[in-house]
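Take a look at the structure set out below.
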Amino acid sequence: MLAIYLAVGALAAVTCTGDQLTPCNTDQCETLGTTQICIQCKEEGKVPIDGVCVDKAVAGDKCKTANGAAITTEKVCGQCGSGYFLHSGGCYSTDAGKPGRTLCTTAGEGVCTQGAEGYFAVPGAAKTGESVVKCDDSTTGVTVSGNSGPYKGVQNCATCNAPAISSSGGTAICTKCAQSNYLTTNNACTADCEANTHFSTETPESGKKCFACGDTTNGVIGCEKCTAPGDGKTNPTCTKCTDKYLKTAADGTTTCVAKGACKDDYFTVDDSTNGRKCISCGDTTGVTVDIDKKYVGVDGCAKCTAPDAITDTTGTKAATCTECAAGFLHTLTGGATSCVETCPKGYFGHTASDTKKKTCQSCATPESLTPPVTGIEGCTSCTYTSSILKCTACGEGKKPNKEGTRCFDCSISGCAYCSGTGKCEECASGYTLDSQANTCASSSANKSGLSTGAIAGISVAAVVVVGGLVGFLCWWVVCRGMHDLGSRCRAGVGVVEERGSSAVRLMY
């Protein structure tokens, strides 16, 4: 038995110094915490109690031989009494301030029953052997008599729990690794977590830990690959599910769900390499499969159906949006969809009274709507206000009537609205309507706003006035040039009279 204790003690034996130099055998000391203890005394009949050599009389029931007899000439203890545990040939109390407290906090009948931080109590330990093991002792440990293997710790482990009792021994359950090591799911302390399939977390209490991506408590159930939790997150971000579909919520939270859970606001994509995914209807980044096949959502879309499969080796296909988160759902002739704030020309915005669904509807051929709206054939631009559809522009060769309810053939240049009889009801801006002639004249050529008939009458009158004025001037010049100033020149009813040399008056 002495040989066993010497072997155990020799693992951490140091040269004795100070107070231990005289009573303790050379190089038979050990350090517990900050205290140097003796593990074998020099003199016979003296044994280590709490690391100090004392006489056998002082040791009393605290220290006995391995067979339970009183100490006589022994230099080490073989077993300990109640409240003490055996360690490296000495008996140690678990009282506060005692060196044994570094290893054990509670002792029963000669054995440790509760290890201190960094140690564990050996299950089923006998009082004649070691009963406490350091958490990072992964090589030696303690073998209980009759067992086929030792109880030992985990390399680089800082704190641990005792393993279950077993005839073959066992390894402590590490709860926190030392320094920069990570505690893995298989009870090891390593420099890093296994890439992709595991993620790391760190807390002051439990240190650094690795968890499987699919850990039911800390991971994402059903997840095969993941990345570490982001800021403010407690769970990792799953990047691939084992056999289900990866669903990412608006806040970035990931879950692995059945295909049926990817509906309405998501569509599914199967990727043999990166796994199955639920893609948000509004996700314009989407997912790329088979290197060059890309499936995307529609910007601003709230609900959709999955895009058709890409049959070529490359290409991009978008989901078909069925409802927008905001704005109006616009569907092109080819079936492509988008969410817009304002409907484009040729369409009007409609909000269903029952579902509140907002859509862009063709001015000419709106779909079945609630409330119902009748389209206007040939209409290319319209307004929809107070449940009334009004056409503002028609296709080539046609014009809307002023009420905006129909499109009629109309070839009148400058006309904005035409009636069913081919009459212009109103000209476009910059033109003036002549209702009699059924024409629209440019306002730049007729700024007076008069009709063409009125303009013609005024023109004739102007010609008559100008002609009369020219005739009178000619007559006046001829008469004035006559050499006899004293004579009278009469023509018609006009008279020229001489009033001295300074004035001439024309009379009628």
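Heads up, the sequence shown is in my numbering, so the first residue is -9 and it goes up one at a time. Cβ coordinates follow ideal geometry from the N, Cα and C atoms, glycine included. Just so you know, these numbers come straight off a predicted model, no measurement behind them.
Using CA coordinates, which residue listed in the options is at the minimum distance from residue i?
i	options	result
residue 364	396, 104, 349, 50	396
residue 243	18, 255, 227	227
residue 349	262, 381, 328, 128	328
residue 344	353, 361, 333	361
residue 384	105, 378, 392	392
residue 114	342, 132, 267, 62	132
residue 219	174, 314, 33, 189	189
residue 51	67, 42, 41, 63	67
residue 268	230, 300, 281, 283	230
residue 28	36, 176, 41	41
residue 106	316, 168, 152	152
residue 352	377, 331, 322	322
residue 38	56, 143, 5, 82	82
residue 278	293, 255, 301, 306	306
residue 250	179, 92, 235	235
residue 331	23, 325, 319, 324	319
residue 377	341, 367, 390	341
residue 94	124, 119, 79	124
residue 102	91, 130, 122, 215	122
residue 33	140, 416, 46, 326	46
residue 178	204, 127, 214	127
residue 499	143, 80, 416	Here the chain comprises residues numbered -9 to 498, so residue 499 is not present and cannot be evaluated.
residue 194	168, 315, 112, 215	168
Assign residue i to one of three DSSP states: helix, strand, or coil.
i	result
residue 10	helix
residue 199	strand
residue 250	helix
residue 121	coil
residue 371	strand
residue 190	strand
residue 138	coil
residue 170	coil
residue 432	strand
residue 158	coil
residue 111	strand
residue 211	coil
residue 357	coil
residue 352	strand
residue 237	strand
residue 99	strand
residue 465	In this prediction, residue 465 has a pLDDT of 45, which is less than 50 and means its spatial position is unreliable; what the coordinates show is noted afterwards. Helix.
residue 366	coil
residue 145	coil
residue 223	coil
residue 105	strand
residue 4	strand
residue 183	coil
residue 151	strand
residue 505	No answer is possible for residue 505: the residues shown for the chain start at -9 and end at 498.
residue 243	coil
residue 165	strand
residue 532	Given a span of -9 to 498 for the chain in the structure shown, any question on residue 532 remains unanswerable.
Here's a check: name, in chain order, each residue in its chain whose Cβ is nearer than 7 angstroms to the Cβ of residue i, leaving out the five neighbours to either side.
i	result
residue 296	257, 258, 309
residue 253	none
residue 241	none
residue 439	Because residue 439 sits at a pLDDT of 48, beneath the cut-off of 50, its placement in the model cannot be relied upon, and the following sentence gives the value as read from the coordinates. Once the five neighbours on either side are set aside, the close Cβ partners of residue 439 are 422.
residue 7	26
residue 394	380, 381, 382
residue 294	257, 271, 287, 288, 309, 310, 311, 312
residue 301	none
residue 260	266
Please list, in chain order, all residues of the same chain as residue i whose beta carbon is under 8 angstroms from its beta carbon, the five residues on each side excluded.
i	result
residue 455	Residue placement at residue 455 cannot be trusted, given a pLDDT of 48 that sits under 50; the coordinates are not used to answer.
residue 418	404, 405, 406, 430
residue 54	60, 61, 67, 68, 69, 70, 71
residue 239	245
Excluding sequence positions up to five away, which residues of its chain have a Cβ less than 6 angstroms from the Cβ of residue i?
i	result
residue 500	Coverage of the chain is limited to positions -9 through 498, which leaves residue 500 absent and any answer about it impossible.
residue 446	Any answer about residue 446 is weak, because its pLDDT of 43 lies below 50 and its placement is not dependable; what the coordinates show is given next. Once the five neighbours on either side are set aside, residue 446 has no close Cβ partner at all.
residue 517	Nothing can be reported for residue 517, as the shown portion of the chain is limited to -9 through 498.
residue 199	173, 191
residue 333	318, 339, 350
So does residue i have its beta carbon nearer than 7 angstroms to some heavy atom of the ligand MN?
i	result
residue 200	Only the bare structure without any ligand can be found here, which leaves the ligand MN out of the picture.
What ranges does the beta strand (DSSP E) occupy inside the segment 258 to 345, keeping only unbroken runs of at least 3 residues that lie completely in it? 266 to 270, 277 to 279, 283 to 286, 291 to 295, 305 to 308, 310 to 314, 318 to 321, 327 to 330, 337 to 341
Alpha helix (DSSP H) segments (min. 4 residues) lying fully within the segment 13 to 96
46 to 49
Handout entry: Contact between the segment 353 to 360 and the segment 329 to 343 (3+ Cβ pairs under 8 angstroms)
Key = yes
For the segment 376 to 426, list the beta strand (DSSP E) runs that are entirely contained and at least 3 residues long, ordered along the chain. 378 to 384, 388 to 390, 397 to 399, 405 to 408, 414 to 417, 421 to 424
Exercise. Count the CB pairs spanning the segment 6 to 15 and the segment 66 to 75 that are closer than 8 angstroms, and state whether there are at least three.
Key: no
task: Would you check if the segment 151 to 167 and the segment 123 to 138 touch, i.e. whether three or more CB-CB distances between them fall below 8 angstroms?
output: yes
- [ ] Taking 8 angstroms as the threshold, find out whether the segment 403 to 421 comes into contact with the segment 371 to 381 through three or more Cβ pairs.
- [x] no
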